[in-house]
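This report refers to the structure that appears directly beneath it.
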Amino acid sequence: MDVLGYLLLAAVIFFAIRPLLPVKGVRQISAARLKNELKDKNKQFVDVRTPEEFQLNHIQGFKNIPLQQLPQRMNELSMEKEVVVICQSGMRSRKASSLLKKHGFKVTNVKGGMSAWH
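Position 106 of the sequence shown, counted from 1, bears residue number 110 in the working numbering, the numbering being contiguous throughout.
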């Protein structure tokens, strides 16, 4: 394989794993660590799954703001409190974390999402 082939392979690998990498400036916590943070009154908790997913199973204290609605509903969140974000597996919450970070929120993402909560 020539240099161009290696560069192309590296680019493909980078773009394949990029969605799995943490968002810069967003704290990552485990589901086990989340249990301790739920008591913190200086944090707000957002579940970005669909209303149907949320209704089937959710963590008490989390507010449901589906990822698709987040841009229009950010005004429901306080800039003064850290936002802890969860979804089913961690992919949607990663996207939500990135969006919130870009708008100036302090954000924590729950790694593994609800799948890791059980």
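Ideal placement from N, C-alpha and C gives every residue a C-beta, glycine not left out.
Burial state of residue i (16 or more Cβ within 10 Å)
i	result
G94	buried
R37	exposed
V88	buried
Assigned secondary structure, residue i (DSSP; H/G/I helix, E/B strand, else coil)
i	result
R53	coil
K67	strand
G9	helix
M118	helix
E84	coil
K39	helix
N79	helix
K45	coil
6 Å CB neighbourhood of residue i in its chain, flanking five on each side removed
i	result
K110	E86
I90	D51, S97, V114, G117
F49	G65, F66, V88
L42	G65
L104	V87, V111
Residues near residue i in its chain [Cβ-Cβ closer than 7 Å; skip 5 each side]
i	result
M83	G108, F109
Beta-bridge pairing of residue i - partner residues as DSSP gives them
i	result
K89	The amino acid occupying residue 89 in the given sequence is Val; Lys does not appear at that position. According to DSSP, V89 bridges with V50, N113.
Q32	N113
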